[in-house]
Every structure is written in C-alpha cells, then in structure tokens.
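Numbering (my numbering), first residue to last: 91 to 597.
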C-alpha cells in the first residue's frame, strides 16, 4: 500500500503555518478551512481573526465577548463591518437630514450609531465696530453624541426577516431570497410602538448617474459609490437591494421606520392602529380638524393609516473632511443658523485644478467675484481696511483654491445636501481686506456667496457676502443683505469618534 504523502505546506511548523494564514482575507480563510482538518484547525485561531475584527473598529478590542471567539464575532457582524469602519454617515431625510457616527460597542458586542447633536451655550449679540447696524452672533456650541437614543443598533443576534410568502416584509419585489436583501429588525423603539430595520444597499452604476439622477450622496459630494434615494416601490426591487456579496455597497445603507399597534407586524406600506387614548392621541391625530382619512370604530376609537419612513445614508470620504497642510480649512463644522438652530456642514477646500463650474444661479455675481462691486465700509476712517499691496501681492504663504460649504444637516429653507455658502477664490485674487477690527484682527476677508431660499427650498438664489477666515478652526459668514454675521466652528471629530459611553448609559 502506497504511503500517503503529506503536502509540504502541512509539514511546516504550526507557528509558521499560522503566520502564513495571517496574510489571507476572511473569505480566503473560509475556503482554506474546507480543504483539510489541519488547515481548518489552524484557520480558526483567534490570533488570525482578531486583526480582521480590529481592522474595522476605531478602538482595538482584546476580547471577543459576548461571543466565544473573534471568528464568531466577525461572522456575526458580516457583512456590516463597513459601518464602524467608515464611521461618519449622513442621511437624506428632508429637510433636516441627520449626521451619525457608527462604532463597535464591545460591552454588548453590537454595532451602534448615534446622532451627532449640538446645543448653543451662552448666546449674546455684539455690534460690529465697522458698522453698528451689523450684528455679530456669538457662538460656542456644545457638540455631543445622543447616547440615550441610538439611531442604529446591530446586535450579534439581530433578528432577520424571513422569506416565507405572506410574512412581513417579504411581500416586496426584490430578487431571490438572500441574507443580503433581508432586513434586520433592530431593538430600538419597541416600547413606544415604533420599529426600525436596517437595509443593505446596492450601488447605482456610474454609467446610470447623470446630473438629474436622484442619488445619495449628491454629486457635489465626492464618493466612491452612490445609491438611488428615490423609489416607486419603497426600495423593494432587486435594483435597490443586493442579492450577493459583490453587490453590497459599503458606502450606503437604509433605515426603515414604522409603527405597530399590537404584537403582530403590520403591513409594510400603510400602517394602522386603533386607540382612543393611545398613540393616535399622543401624536395629535384625533379631533375634528384631522384628515378625513380617519374612520370611527364601533368602540369609539379612531383608525389612521401612516406611511413608513425610509432614509438613505451615505458615508463621507476621509479626504473630504481631514485637514492637511495644503487644505487646512476643510473639515466638518457646526454653524449658527439663528432660529433654525445649530447645523452641521462640510467645508471642502478645493484646489483650482480640482474645481468645477460654480453652481447654476451664481452668474450674476461674476463681477462681484472679480472685485468690480465690493461691498465694504465706505467711511474714510476705514481706509486701512484694505490689505496693503505687500499682502495682496505676496503669494508664497497665501491660501489658494475655493471653499465650498455643504449642509450635512439642514432646515426648511436650505435643506441637507445643498450649498450654504461658497468662497470661489480664497487667494489674494479674492481677498477684500485683512481685518483690523478687534474681534477679527488679522483675519482674511474674502468674497463669498450665500445661498438663500424660501421655505421648502423654493426660489433659491445666491447673494453677495463676505467670508471672514478667522482661523483654521473658525469661519464667520457676513450675510451683507441681512446685516448679521454668523460663526462656524470646527467639530472635534476625534473627541466624538473616541468617546467612551458611561457605564450607566444603555446602548
């Protein structure tokens, strides 16, 4: 009987074989494990799987709890590891949007995302010394994570919807049953009758995207992939949902919220409940002025139909918000929008080579950008407001390019995803003056354009304005026609990304 030959690979010492396996990705490891018992045993080792988990989390973890191994942990959250790896996400919810930070919570073994919120602290008004009619709004926002109300939570044992006919929500028209097109029902709001599920996205091919295509993120945001954010079938078709791993977008996902009035799942599109003193009353859906779609029941209760809510989320490329020596102003800022409150914006610093055409509607401001119509104080006492010739001509240390501020969260006038202001040229060509007033002393003041609109983003237009570049962390927009100045403060992303939740906060 011929002697069985042991392959050279299996003759290696266990330590060396394990080192070789460390270079394989998780899917290659899964294939190797099926070849023989020896490789199967070696490929299960935690020393191999721990780095694969830690590649996706901001704070490395040393234990796989609540699961028994790092391999089990990786599998439990596959294919959702892109959520904590990408970290920063923003929603298309109109008009306000939402900015969230996703991360892995080792205490529960869950992937959790929290909304980033901001609150004004002290609030004061100051008269601008160059024009006493202009108001400067003080602004020192407190930015934090809303830890008590997670937006997303994927536990190691999150419930998946099944594929059986008639079961919720499988009566939708997506492709063949697959773990990638199933929704994950999240345990977030069940005590209040609200429910939420997580949905993977399928990216829209670049060839199918044009200037008029409704996608998230909008084309003004750089992105490696985009997904449709408009659908006639509630994103149920196979064009919206992946059926295999290669179709899963790691740049987008969706959250669906709905209401239930009892323990049985309601229909996915129109949801109804009955209660004389319950959720309908709490939401103000009772009374003589309410819609005629309400119907009275025999017991005196009310029935009402409510549509579901689906939001599409997109990630932000780190290259868009990470400041560099060449682009020190780019980043995520918190802006003061007066009665609308605090809003988050992305400030992009774009080089002249990268800059595309200015948005439609800015053509009337071309002469202003060229310096032919500069709105500056005309008082003879302010002759020194203009920068000296040495400053105007010095180009070695002067900033260059364009600043574009795009809303990550918005309001009823200018919604999320739209520009809020643009400074087309922050170089000396766009420089108006070097500030000499005490509050802005030494800051560059450049020409900019502010974006305004009526409610519902109707009749939007661009108005001439000035951007005060106070520091690399602070900008101030002078809305000349409105007679006020509002601040934008850089958000400390490191503090948010590395924040540890107190032990008494449930996640």
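Every residue gets a Cβ at the ideal spot worked out from N, C-alpha and C, and that includes glycine.
Query                                                                                                                                                                          : Result
Roughly how many angstroms lie between the CA atoms of residue 403 and residue 451, to the nearest whole one?                                                                  : 28 Å
When you compare the CB positions of residue 598 and residue 534, do they come within less than 7 Å of one another, or not?                                                    : Shown here, the chain extends from 91 to 597; a query on residue 598 therefore has no answer.
Can you list, in chain order, the residues of its chain with a C-beta nearer than 8 Å to that of residue 517? Leave out the 5 residues immediately preceding and following it. : 485, 488, 489, 490, 491
Near residue 107, which residues of its chain fall below 6 Å by C-beta distance, leaving aside the five closest residues on each side in sequence?                             : 132
Using DSSP with H/G/I as helix, E/B as strand and the rest coil, what is residue 398?                                                                                          : coil
Please state whether the Cβ-Cβ distance between residue 541 and residue 509 is less than 7 Å.                                                                                  : yes
Would you check if the distance between the CB atom of residue 285 and the CB atom of residue 350 is smaller than 7 Å?                                                         : yes
In terms of DSSP beta bridges, what is residue 538 paired with?                                                                                                                : 555
Whose C-alpha, out of 158, 274, 458, is nearest the C-alpha of residue 136?                                                                                                    : 158
What does the alpha-carbon distance come out to for the pair residue 497 and residue 302?                                                                                      : 19 Å
Using a threshold of 7 Å, state whether the C-beta atoms of residue 426 and residue 577 are closer than that.                                                                  : yes
Return the CA-CA distance between residue 438 and residue 101, expressed in angstroms with no decimal places.                                                                  : 55 Å
With a 10 Å radius around its C-beta and 16 neighbouring C-beta atoms as the bar for buried, classify residue 332 as buried or exposed.                                        : buried
Which same chain residues, not among the five before or five after residue 353, have their C-beta less than 8 Å away from its C-beta?                                          : Summary for residue 353: the model assigns pLDDT 48, below 50, so the residue's position carries little reliability, and this model does not support an answer.
Is it a yes or a no for the stretch 206-216 touching the stretch 428-445, going by three-plus beta-carbon pairs under 8 Å?                                                     : yes
Below 7 Å CB to CB, which residues in the same chain sit around residue 338 once its five sequence neighbours on both sides are set aside?                                     : 169, 270, 290, 332
Where are the beta strand (DSSP E) runs, 3 residues long or more, that stay fully inside the stretch 493-547, in chain order?                                                  : 509-513, 521-524, 534-544
So if DSSP puts residue 217 in a beta bridge, which residue, or which two residues, is it bridged to?                                                                          : 225
Could you check if residue 185 is buried or exposed, using at least 16 other CB atoms within 10 Å of its CB as the buried criterion?                                           : buried
Comparing alpha-carbon positions, which option in 162, 190, 340 lies nearest residue 586?                                                                                      : 190
Cα separation between residue 562 and residue 418?                                                                                                                             : 6 Å
Within its chain, find whatever has a CB closer than 7 Å to the CB of residue 554; leave out the 5 residues flanking it on each side and keep chain order.                     : 455, 458, 465, 539, 570
Give the DSSP bridge partners of residue 195, in chain order.                                                                                                                  : 200
What residues are listed by DSSP as bridge partners for residue 421?                                                                                                           : 437
Using the rule of at least 16 other Cβ atoms within 10 Å of the residue's Cβ for burial, across every protein chain shown, is residue 217 buried or exposed?                   : exposed
Count the other CB atoms within 10 Å of the CB of residue 531; is the residue buried (16 or more) or exposed (fewer)?                                                          : exposed
Quick one: what does DSSP say residue 151 is sitting in, helix, strand or coil?                                                                                                : coil
Assuming residue 244 contacts residue 180 (C-beta within less than 8 Å), just tell me the rounded distance between them.                                                       : Contact doesn't hold; Cβ gap of about 19 Å is too wide.
Would you grab the beta carbon distance between residue 225 and residue 573 for me? Rounded to a whole angstrom, and I think it's under 8 Å.                                   : 7 Å
If you scan the stretch 98-149 from start to end, which runs of the alpha helix (DSSP H) of 4 or more residues do you find wholly inside it?                                   : 104-111, 116-123, 127-133, 136-144
Span of the alpha helix (DSSP H) holding residue 584?                                                                                                                          : 583-587
Below 7 Å between beta carbons: does that hold for residue 410 and residue 579?                                                                                                : no
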